[in-house]
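Peer 1: Going line by line, the protein sequences match chains A and B.
Sequential numbering from 1 applies to the first sequence in the numbering used here.
Sequential numbering from 417 applies to the second sequence in the numbering used here.
Cβ atoms here follow ideal geometry from the backbone N, Cα and C, with glycine treated the same way.
Since this is a predicted model, take the numbers as computed values, not measurements.
Handing you a structure now.
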Amino acid sequence: MAEFKKANSVGEWFDQRLGVVNFSKVMMSEYWIPKEINFLWAMGMILAVMFKILLISGIFLLMYYKPDVNMAFDSVNYTIMQEVAYGWLFRHVHAVGASVVFLIIYIHMFTGIYYGSYKKGREMIWISGMLLFMLFSAEGFSGYMLPWGQMSYWAAYVITEIFGGIPLIGDELVVWIRGNFYVADATLTRFFMLHVLLIPLAILGAIVFHFYALRFPHVNNESGEFFDYEEEAEKFKAGNKKGSKVIPFWPVFLSKDVFVMGIFLIFFFYLVFFHYGFAMDPINFDKADGLKTPAHIYPEWYFLWSYEVLRGWFFEIAGISGKDLGLMAFGFANAIFLVLPWLDRSPMVKPANQRPYFKYWFWLMIADLMVLTEFGKLPPTGPNAWVGFGASLTFLVLFIALPFITKAEAKKVGGK
Amino acid sequence: MKEFKILAVIVALVGITYYGIEPYAHSVMHPEVAAADFTFKDVKNVDTTLAGNVENGKALVEANCIACHAIEAAGHPAVMPNADAAASYGVVPPDLSSAGRIYDTNYLANFIFDPVTAMHLEHKYTPDSGKQFPMPSYNWMTPQEIMDVVAYLKSVAPKVSEDKEGHKATFEAACGRCHNMKYAGIEATTPTDNLKNYMGATPPDLSQYIKSRGEHYLHSFINDPQVLLHGTSMPRVGLSEKAQEEVIEYMEEVGDSKKAERESLGLYVMGYMVVFALFAYLWKRKIWEEVH
Ligand code: HEM
Chain A
1 MAEFKKANSV
11 GEWFDQRLGV
21 VNFSKVMMSE
31 YWIPKEINFL
41 WAMGMILAVM
51 FKILLISGIF
61 LLMYYKPDVN
71 MAFDSVNYTI
81 MQEVAYGWLF
91 RHVHAVGASV
101 VFLIIYIHMF
111 TGIYYGSYKK
121 GREMIWISGM
131 LLFMLFSAEG
141 FSGYMLPWGQ
151 MSYWAAYVIT
161 EIFGGIPLIG
171 DELVVWIRGN
181 FYVADATLTR
191 FFMLHVLLIP
201 LAILGAIVFH
211 FYALRFPHVN
221 NESGEFFDYE
231 EEAEKFKAGN
241 KKGSKVIPFW
251 PVFLSKDVFV
261 MGIFLIFFFY
271 LVFFHYGFAM
281 DPINFDKADG
291 LKTPAHIYPE
301 WYFLWSYEVL
311 RGWFFEIAGI
321 SGKDLGLMAF
331 GFANAIFLVL
341 PWLDRSPMVK
351 PANQRPYFKY
361 WFWLMIADLM
371 VLTEFGKLPP
381 TGPNAWVGFG
391 ASLTFLVLFI
401 ALPFITKAEA
411 KKVGGK
Chain B
417 MKEFKILAVI
427 VALVGITYYG
437 IEPYAHSVMH
447 PEVAAADFTF
457 KDVKNVDTTL
467 AGNVENGKAL
477 VEANCIACHA
487 IEAAGHPAVM
497 PNADAAASYG
507 VVPPDLSSAG
517 RIYDTNYLAN
527 FIFDPVTAMH
537 LEHKYTPDSG
547 KQFPMPSYNW
557 MTPQEIMDVV
567 AYLKSVAPKV
577 SEDKEGHKAT
587 FEAACGRCHN
597 MKYAGIEATT
607 PTDNLKNYMG
617 ATPPDLSQYI
627 KSRGEHYLHS
637 FINDPQVLLH
647 GTSMPRVGLS
657 EKAQEEVIEY
667 MEEVGDSKKA
677 ERESLGLYVM
687 GYMVVFALFA
697 YLWKRKIWEE
707 VH
């Protein structure tokens, strides 16, 4: 056993045993972040805090929630919302938080795309981020089922039904997922397990992985500049703080994050207390009824764009049914962001607006996603169906064209 | 400044998307409908300017109505238990104690004259449906006599307090023969099986309808269910604007009981966050002064 001498302070006592001094250097005061960043670089920390808020509010809800088709609705809407002291607060925080976290995820993702933070060494950051996106999607979907309202039921019905379109195994797969022929008690209890145990565990792991993936390539910066971190860190440590291109994670980077977070939380709590309808759909305050289909079924807002990619294909083309085409497009849409680092063939790491061709692609993609989101909510009738089809087709074309567009850009800028 | 420009772009994009999927999409899915009419001007068989005679009204009510309806406030208990009444009429005839207070005068007079048209249930009680509304039409009464009945009902109606208790009384008198309100422990006076038979649909438990339908929808729906749910068997109940507001108020008191707590706590929390952001800003400025 190593030789331990008597510690002179509590700090030293811990340092001897856990190496806290070195640890906090590596993790905090000598973890280097570029100085040239704007508030968009605070989104990652906001996400980490949102996850914590969701976890804590979720634990409180878990104390009173009952995962049973006969009790779930009242346990949420009566016990938690009206009986338990501040139960309503935890529910509002949790439901609004689950919705707003996606807004921040999208801002975070599109920031990454805009600044080209997914390539030239940052591929694993991107992949781990997409993994988080998928896990959060699964978490959002499973959580939405738990209050067992009309939208819980019918969104679960429609989304699990999608898997029925997979060739050969589709029908069996749907039954396997639901644990029954229709959405029933078994479906609720298994999604409950996923929502409160398996997916949160996986998310925790994925967050650690995401943070670790940031370590070697380092965070990108506003101009996409590559520089020598060792050298800049030495400058900083030598006291040339103004001349150095880096700042330490603690306290410099975090002081900005905390401020941005403060502003964000004002907005967040405004939504929690005064404007929560977008996250707690009114229809979900009707108890689930498998015999009564609501007039309009739509998923939560953050799934609307991919839902519309699915729905946009409503007629047969070349002998393939609209349903199958939609399913293929849907599969494409959900997988394509994952391989983005390899679709972008241009070596430029620059803000999109400084890239000659990519800038058009970027803003077109944003516009298309907005159109898809909008028409994913509107009833798919008359001209709406055609707009949906056009936007869905545009989505596919955009991503198929990306390698060619960026290749041309690479040629134009000559490998810079 | 650049950061403000970025923020402006994000706010604009998020704002447009929000407008599209919330206010705009809802206006497409739930188009505006005709405004609620609390004068019930479509029914005009009875001249409601006539002044009613309470004494005469009392005699008419005792001769015609209390065979079916209780009027506890005037000392007339129900003639039979609810289960028997439901079995006889399909639905338990409501206690008329507060009828003079909660129903609009024009509606009430015309309802007595001809219940089916006043309730907008002509589509259900067509001549060849073989169905007959359980309460007879009193179209044989003169307008004066009908106004006498109305005057009597108004004279016996007890005043209620302007609070949850009062709102509850209005709710029970107006909706209580059909609807449960589980979260307030209220069960419809008519047993569910009878109701389903009588109405062709089970009236839903209204505990959370303030949330699922919202005040705006209820305001129009209660005034005339046919406008929003064409062909429904729920009758137009003919509440005065004030009574309807009390009913909606009650639905909110039961379905959203923490509203006041939510709104006052909300201000405190937001105030706290503003102070937090302010200090965070000062701290950030102090730290960044060294590096900029
Ligand atoms: C949902 C949980 C997530 C958490 C907690 C999280 C957290 C973070 C943090 C703390 C950073 C460093 C600071 C910053 O640049 O903002 C970061 C960077 C990054 N994240 Fe995430 N993230 C999440 C999801 C995602 C998703 C869904 C993506 C997209 C696929 C993604 C892609 C990236 C990229 C590309 C960077 C590097 C940004 C740069 O180099 O400038 N992350 N993340």
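#1: So with Cβ pairs under 7 Å, would you call B:M551 a contact of chain A?
#2: Say whether chain A places a C-beta atom closer than 7 Å to the C-beta of B:M689.
#3: On the three-state DSSP scale, how would you describe A:L194?
#4: Apart from the five residues on each side of it in sequence, which residues of its chain come closer than 7 Å, Cβ to Cβ, to A:D368?
#5: How about A:M50: is its C-beta nearer than 7 Å to some C-beta of chain B?
#6: Pull out every residue of the segment 227-261 of chain A whose Cβ sits closer than 7 Å to any Cβ of chain B, in chain order.
#7: Give me the Cβ distance between B:Y599 and A:Y78, rounded to the nearest whole Å; I'm assuming they're in contact under 8 Å.
#8: Specify the secondary structure class of B:L698 as computed by DSSP and reduced to three states.
#9: Check the DSSP bridge columns for A:M130 and list the partner residues they point to.
#10: Please list the residues of the segment 65-86 of chain A that have a C-beta atom closer than 9 Å to any C-beta atom in chain B, keeping them in chain order.
#11: Determine the DSSP secondary structure at B:L466, reduced to helix, strand or coil.
#12: Could you check the C-alpha separation between B:R678 and A:D68 for me, to the nearest Å?
#13: So B:W556 is in the alpha helix (DSSP H); what residue range does that whole segment cover?
#14: What's the gap between the Cα of A:G262 and the Cα of B:W699?
#15: Expressed to the nearest angstrom, what Euclidean distance is found between the alpha-carbon atoms of B:N522 and B:G687?
#16: Is A:S255 buried or exposed, if buried means 16 or more other CB atoms sit within 10 Å of its CB?
#17: I need the boundaries of the alpha helix (DSSP H) containing A:W148, first residue and last residue.
#18: Which residue spans inside the segment 274-329 of chain A form an unbroken alpha helix (DSSP H) run of at least 4?
#19: Which residue from B:A501, B:P509, B:G516 and B:N498 puts its Cα closest to that of B:K474?
#20: Establish whether the CB of A:I125 and some CB of chain B are separated by less than 7 Å.
#21: Quick one: give me the first and last residue of the alpha helix (DSSP H) that A:P341 is part of.
#22: Three or more beta-carbon pairs under 8 Å between the segment 58-73 of chain A and the segment 138-156 of chain A, yes or no?
#23: What is the DSSP secondary structure of A:P403, reduced to helix, strand or coil?
#24: Suppose you measure from the CA of B:D544 to the CA of B:S628; what does that come to, to the nearest Å?
#25: What is the rounded straight-line gap between the Cα of A:A351 and the Cα of A:A85?
#26: Which of helix, strand or coil does DSSP assign to A:M365?
#27: Between A:I207 and A:L132, how many whole angstroms is the CB-CB distance? I'm expecting something under 8 Å.
#28: Does A:R122 pass the burial test, meaning 16 or more other C-beta atoms within 10 Å, or should it be called exposed?
#29: Suppose contacts are defined by Cβ-Cβ distances below 7 Å. Is A:L325 in contact with A:W313 by that definition?
#30: Return helix, strand or coil for B:H442, following the three-state DSSP convention.
#31: Counting only C-beta atoms, is A:E374 closer than 7 Å to chain B at any point?
#32: Could you have a look at B:M535 and say whether DSSP puts it in helix, strand or coil?
#33: Helix, strand or coil for B:I482 per DSSP?
#34: Return the CA-CA distance between B:I664 and B:H536, expressed in angstroms with no decimal places.
#35: Measure the CB-CB distance between B:I437 and A:W301 and report whether it falls below 7 Å.
#36: Which class does A:V246 belong to by DSSP, given the choice of helix, strand or coil?
Peer 2: The structure says:
#1: Taking the first residue of the second sequence as 1, we reach residue 551 of chain B at position 135. For B:M551, the answer is no, since every Cβ of chain A falls outside 7 Å of its Cβ.
#2: As a working note, residue 689 of chain B is residue 273 in the second sequence. So yes, B:M689 belongs to the interface.
#3: Position 194 of the first sequence, counting from 1, holds the residue named residue 194 of chain A. In the structure shown, A:L194 sits in a helix (DSSP, three-state: H, G or I).
#4: For the purposes of this step, residue 368 of chain A is identified with residue 368 of the first sequence, where counting begins at 1. These residues qualify, in order along the chain: A391, T394, F395 and L398.
#5: Start at 1 with the first residue of the first sequence, and residue 50 of chain A comes out as number 50. Answer no: the Cβ-Cβ gap between A:M50 and chain B never drops below 7 Å.
#6: K241, K242, I247, P251, V252, S255, K256, V258 and F259
#7: Mapped onto the second sequence, residue 599 of chain B falls at position 183. Mapped onto the first sequence, residue 78 of chain A falls at position 78. Confirmed, Cβ separation roughly 6 Å.
#8: Taking the first residue of the second sequence as 1, we reach residue 698 of chain B at position 282. Here B:L698 sits in helix by DSSP.
#9: Numbered from its first residue, the first sequence carries residue 130 of chain A at position 130. For A:M130, which the question treats as bridged, DSSP gives no partner whatsoever.
#10: F73, D74, N77, Y78, M81, Q82 and Y86
#11: Along the second sequence, one-based indexing puts residue 466 of chain B at 50. In the structure shown, B:L466 sits in coil (DSSP, three-state: anything other than H, G, I, E or B).
#12: Taking the second sequence and counting its residues from 1, the one referred to as residue 678 of chain B is at position 262. Taking the first sequence and counting its residues from 1, the one referred to as residue 68 of chain A is at position 68. Spanning the two alpha carbons is a distance of roughly 28 Å.
#13: On the second sequence, position 140 is the one that residue 556 of chain B refers to. Per DSSP, B:W556 belongs to no alpha helix (DSSP H) and is neither H nor E.
#14: Taking the first sequence and counting its residues from 1, the one referred to as residue 262 of chain A is at position 262. Taking the second sequence and counting its residues from 1, the one referred to as residue 699 of chain B is at position 283. Distance between the alpha carbons of A:G262 and B:W699: 12 Å.
#15: The residue given as residue 522 of chain B occupies position 106 in the second sequence. The residue given as residue 687 of chain B occupies position 271 in the second sequence. Each residue's alpha carbon lies about 50 Å from the other.
#16: Along the first sequence, one-based indexing puts residue 255 of chain A at 255. With 16 or more Cβ atoms within 10 Å of its Cβ, A:S255 is classed as buried.
#17: Translated into positions along the first sequence, residue 148 of chain A becomes position 148. Counting along the chain, A:W148 falls outside any alpha helix (DSSP H), and DSSP gives it neither H nor E.
#18: 304-311
#19: By one-based count along the second sequence, residue 474 of chain B stands at place 58. Out of B:A501, B:P509, B:G516 and B:N498, B:G516 has the C-alpha closest to the C-alpha of B:K474.
#20: Your numbering for residue 125 of chain A matches position 125 in the first sequence. By this cut-off, A:I125 is not an interface position.
#21: Mapped onto the first sequence, residue 341 of chain A falls at position 341. Start and end: L340 to L343.
#22: yes
#23: In the first sequence, counting from the first residue as 1, residue 403 of chain A sits at position 403. In this structure, A:P403 counts as helix in the three-state DSSP scheme.
#24: In the second sequence, residue 544 of chain B corresponds to position 128, counting from 1. In the second sequence, residue 628 of chain B corresponds to position 212, counting from 1. The alpha-carbon atoms of B:D544 and B:S628 are separated by roughly 36 Å.
#25: In the first sequence, residue 351 of chain A corresponds to position 351, counting from 1. In the first sequence, residue 85 of chain A corresponds to position 85, counting from 1. First, the residue type needs correcting, since residue 351 of chain A is Pro and not Ala in the sequence shown. Taking the straight line joining both Cα atoms gives about 49 Å.
#26: As a working mapping, residue 365 of chain A is identified with position 365 in the first sequence. Note: A:M365 maps to helix in three-state DSSP.
#27: Here residue 207 of chain A refers to the residue found at position 207 of the first sequence. Here residue 132 of chain A refers to the residue found at position 132 of the first sequence. Right, their Cβ atoms sit about 7 Å apart.
#28: For this step, residue 122 of chain A is matched to residue 122 along the first sequence. The residue in question, A:R122, is buried, as its Cβ has 16 or more Cβ neighbours within 10 Å.
#29: As a first step, residue 325 of chain A must be located in the first sequence, where it is residue number 325. As a first step, residue 313 of chain A must be located in the first sequence, where it is residue number 313. Contact flag set, yes.
#30: Translated into the one-based positions of the second sequence, residue 442 of chain B becomes position 26. Here B:H442 sits in helix by DSSP.
#31: On the first sequence, residue 374 of chain A is found 374 positions in, with the first residue counted as 1. Yes, contact with chain B.
#32: Within the second sequence, the letter at position 119 stands for residue 535 of chain B. Correct three-state label for B:M535: coil.
#33: On the second sequence, residue 482 of chain B is found 66 positions in, with the first residue counted as 1. B:I482 falls in the coil class under three-state DSSP.
#34: Here residue 664 of chain B refers to the residue found at position 248 when the second sequence is read from its first residue. Here residue 536 of chain B refers to the residue found at position 120 when the second sequence is read from its first residue. Their backbone Cα atoms lie some 21 Å apart in a straight line.
#35: Position 21 of the second sequence, counting from 1, holds the residue named residue 437 of chain B. Position 301 of the first sequence, counting from 1, holds the residue named residue 301 of chain A. In this structure, A:W301 lies closer than 7 Å to B:I437 by Cβ.
#36: Here residue 246 of chain A refers to the residue found at position 246 when the first sequence is read from its first residue. Three-state DSSP puts A:V246 in a strand.
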